[in-house]
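Just so you know, we're using the working numbering here: the sequence shown kicks off at 148 and counts up by one.
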Amino acid sequence: MADSQGQTIIIISAVFGLLSVPVMALRLFARVIILGKMGLDDVLVCIAALLAWAFIVATIIAVRHGLGQHMDEVMKKGTDNLNGYSQAVWLSSIFYNACLGFLKSSILAFYLRLGDAQLKRLAQILLAIVVCQAVANVFTCIFQCTPVSAAYTAELQKSAKCVNISAFYLTNAALTILTDLLTYILPFHLVRKLQIPRRQKIGLGVMLGLGLFTCMSSIIRITYIPNMLFSKDQTWTISAPMYWSVIETNVGILTASMPAFKAIAKKYAPKLLGGSYDTDRYPSRSVHIRAGSSGFHRMGGTARSKDLALDTIDRDLGMSKGRFQTTINQDNDSVSSEEVALHPPDRIGVTRHVHVEGESRSVFEERSSLSSQKDHRELS
């Protein structure tokens, strides 16, 4: 039996391809069913997933024509088989470069929704670079030879004009690693500043760690390229770069989809998010602060009012002296804590909706103005 890496390529392609199917299904479930909306990043990653699966199909077809076998074994099968192999590899290069472009664009489009001004500016610049790189790579792969069919037809290659494909692959691999690193490390400074529970920070760290693993896949893949380009046994030496490309694209899909899983965890396993209370027990509530004589007063809850007791907290809020009774009332029309670290409307953080009622006009008035007020007014 001839020596072959074809079986290894097929197994790796099938495993990672099947891994990305439930990942995409869960992402779409979170966005469409739970959140009821899809963003640009969701559309882009769906296209990336389709291209990743097309890349896997092209890779498996190439295996059937000799990918993973030694070149002399492939040549014995005839010119038509060799042309079929070359065409499958040509198509796979198009799908691979297009997939990476859509994948990184999806991640950068997600960054644009996080609300941080600096991150948004950097993401816009990097998005423009990624789009230009992806378009240039795809067109170079398609039109690497004139006529185009010379790229996968042995009979036409001697008379055709082709680009230096070896230089293109090396340059493209280096630029891909650079844009990968920039894409995945871009939000690191934001994660450090986030004031969210440790479990959520760990989750974000895992997501970024997977992104760096995607970068490692690109780095491992580039180490095989020089030998692949200058070897006369290309059907054999191209095997490792092909299955590492499959790993890279499908792990990238998992990384890009992880933020969407927060909606599923929040709905079905809220404790995993490290929240301060169980949302099933206290589903929706608003905070009311009432003024008294001095300091914050602890109130006992009652079954009728459904108030929850809070410990006494004395703080100087810049208000005239007064007693403040703090209660948390269950209210279906308000949300006390909106976790927006991964799906924010405007910015990253935790939003608290507080309604204040008391004897002063506003907690935000200046101390001098507050001290001169002796009448008691309702705050809201």
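Ideal Cβ placement from N, Cα and C applies to all residues, glycine included.
Predicted, not measured: the structure shown is a model, and the values here were computed from it.
Residue interval of the alpha helix (DSSP H) (run including Leu261)
For the purposes of this step, residue 261 is taken as the residue at position 114 of the sequence shown. Careful: Leu261 lies outside any alpha helix (DSSP H) and carries neither H nor E.
Using the rule of at least 16 other Cβ atoms within 10 Å of the residue's Cβ for burial, across every protein chain shown, is Ala172 buried or exposed?
To locate residue 172, count along the sequence shown from 1; it is residue 25. Ala172 comes out exposed.
Would DSSP call Lys530 helix, strand or coil?
Any question about residue 530 goes unanswered here, given that the chain covers just 148 to 527.
Short Cβ contact (9 angstroms threshold) for Ala281 with Lys251:
In the sequence shown, residue 281 corresponds to position 134, counting from 1. In the sequence shown, residue 251 corresponds to position 104, counting from 1. In terms of Cβ geometry, Ala281 and Lys251 form a close pair [threshold 9 angstroms].
Can you give the Cα-Cα distance for Thr226 and Leu191, rounded to whole angstroms?
To locate residue 226, count along the sequence shown from 1; it is residue 79. To locate residue 191, count along the sequence shown from 1; it is residue 44. If you draw a straight line from the Cα of Thr226 to the Cα of Leu191, it is about 38 angstroms long.
So, using beta-carbon positions, are Leu247 and Tyr258 closer together than 9 angstroms?
Here residue 247 refers to the residue found at position 100 of the sequence shown. Here residue 258 refers to the residue found at position 111 of the sequence shown. Judged by their CB atoms, Leu247 and Tyr258 are not nearer to each other than the 9 angstroms cut-off.
Measuring CB atoms only, is the segment 191–205 touching the segment 368–383, in the sense that at least three cross pairs come out at less than 8 angstroms?
Because the criterion of three Cβ pairs below 8 angstroms is not met, the segment 191–205 and the segment 368–383 do not touch.
Take Gln154 and list the residues in its own chain whose beta-carbon comes closer than 8 angstroms to its own, dropping the five residues that flank it on each side.
Here residue 154 corresponds to residue number 7 of the sequence shown, with the count starting at 1. The residues are Gly215.
Check whether the segment 171–189 and the segment 404–413 are in contact - that is, three or more C-beta pairs closer than 8 angstroms.
Yes: at least three Cβ pairs fall under 8 angstroms.
Residue of Trp391, Ala403, Ala416 minimising C-alpha distance to Val162
As a first step, residue 162 is located in the sequence shown; it is residue number 15 there, counting from the start. Selected option, being the one with the closest Cα: Trp391.
Of the residues Asp327, Thr206, Asn230, Val170, the one placed nearest Leu303, counting alpha carbons only
Within the sequence shown, the letter at position 156 stands for residue 303. Of Asp327, Thr206, Asn230, Val170, the residue nearest in Cα terms is Asn230.
Is the CB-CB distance between Thr330 and Gly358 below 9 angstroms?
Stepping through the sequence shown from its first residue, residue 330 is reached at position 183. Stepping through the sequence shown from its first residue, residue 358 is reached at position 211. Going by C-beta atoms, Thr330 is nearer than 9 angstroms to Gly358.
Taking 7 angstroms as the limit between beta carbons, can you name the residues of its chain near Ile156, skipping five residues before and five after?
Working through the sequence shown from its first residue, we reach residue 156 at position 9. Same-chain partners within the cutoff: Thr206, Val210, Leu214, Gly215, Ser386, Met389, Tyr390.
If you run the structure through DSSP and keep just helix, strand and coil, what is Gln234?
For the purposes of this step, residue 234 is identified with residue 87 of the sequence shown, where counting begins at 1. Gln234 carries a helical assignment under DSSP once its states are collapsed to helix, strand and coil.
Within this structure, are the beta carbons of Cys309 and Ala321 separated by less than 9 angstroms?
Looking up residue 309 in the sequence shown gives position 162. Looking up residue 321 in the sequence shown gives position 174. Contact check for Cys309 against Ala321 fails: the beta carbons are separated by 9 angstroms or more.
According to DSSP, residues forming a beta bridge with Gln216:
In the sequence shown, the residue the question calls residue 216 occupies position 69. According to DSSP, residue pairing for Gln216 in a beta bridge involves Ser151.
Going by CA-CA distance only, name the one from Asp150, Leu317, Thr396, Phe377 that's closest to Ile159.
Counting from 1 along the sequence shown, the entry for residue 159 is found at position 12. Thr396 is the residue among Asp150, Leu317, Thr396, Phe377 whose C-alpha sits nearest the C-alpha of Ile159.
Count the other CB atoms within 10 Å of the CB of Pro294; is the residue buried (16 or more) or exposed (fewer)?
What you label residue 294 is simply residue 147 of the sequence shown in a count that begins at 1. Exposed: under 16 other Cβ atoms inside 10 Å.
Give me whichever residues DSSP pairs with Cys292 in a beta bridge.
Here residue 292 refers to the residue found at position 145 of the sequence shown. Cys309.
Check whether Lys379 and Met222 have beta carbons under 9 angstroms apart
On the sequence shown, residue 379 is found 232 positions in, with the first residue counted as 1. On the sequence shown, residue 222 is found 75 positions in, with the first residue counted as 1. In this structure, Met222 does not lie closer than 9 angstroms to Lys379 by Cβ.
Near Leu166, which residues of its chain fall below 8 angstroms by C-beta distance, leaving aside the five closest residues on each side in sequence?
Against the sequence shown, residue 166 aligns to sequence position 19. Asn397, Leu401, listed in sequence order.
Member of Asp263, Asn374, Leu269, Leu337 whose CA lies at the smallest distance from the CA of Ala314:
Residue numbering aside, residue 314 sits at position 167 when the sequence shown is read from its first letter. Closest option to Ala314, Cα to Cα, is Asn374.
Segment limits, alpha helix (DSSP H) that includes Phe408:
Here the question's residue 408 lines up with position 261 in the sequence shown. 408–415 is the extent of the alpha helix (DSSP H) around Phe408.
Of the residues Ala307, Trp237, Gln271, Leu273, which one's Cα is nearest the Cα of Val285?
By 1-based counting over the sequence shown, the position of residue 285 is 138. Scanning Ala307, Trp237, Gln271, Leu273 for the CA closest to the CA of Val285 turns up Trp237.
Can you tell me whether Pro334 is helix, strand or coil according to DSSP?
Within the sequence shown, the letter at position 187 stands for residue 334. Here Pro334 sits in coil by DSSP.
Cβ distance (whole Å) where Cys279 is taken to contact Ile241 below 8 angstroms:
Numbered from its first residue, the sequence shown carries residue 279 at position 132. Numbered from its first residue, the sequence shown carries residue 241 at position 94. Contact flag wrong, Cβ pair sits at about 17 angstroms.
Assuming Tyr316 and Leu376 are in contact, meaning their beta carbons sit under 8 angstroms apart, how far apart are those beta carbons, in whole angstroms?
As a first step, residue 316 must be located in the sequence shown, where it is residue number 169. As a first step, residue 376 must be located in the sequence shown, where it is residue number 229. With 8 angstroms as the limit, Tyr316 and Leu376 qualify as a contact, their Cβ atoms being about 6 angstroms apart.
Nearest-angstrom Cβ-Cβ length linking Leu91 and Leu333, presumed shorter than 8 angstroms
The displayed coordinates of the chain run from 148 to 527. Any statement about residue 91 would go beyond what the structure contains.
When the Cα atoms are used, what is the spatial distance from Lys224 to Thr361?
Along the sequence shown, one-based indexing puts residue 224 at 77. Along the sequence shown, one-based indexing puts residue 361 at 214. Cα-Cα distance, rounded: 36 angstroms.
Quick check on Ala264: buried or exposed, where buried means 16 or more other Cβ atoms within 10 Å of its Cβ?
For the purposes of this step, residue 264 is taken as the residue at position 117 of the sequence shown. Counting Cβ neighbours within 10 Å, Ala264 comes out exposed, since fewer than 16 surround it.
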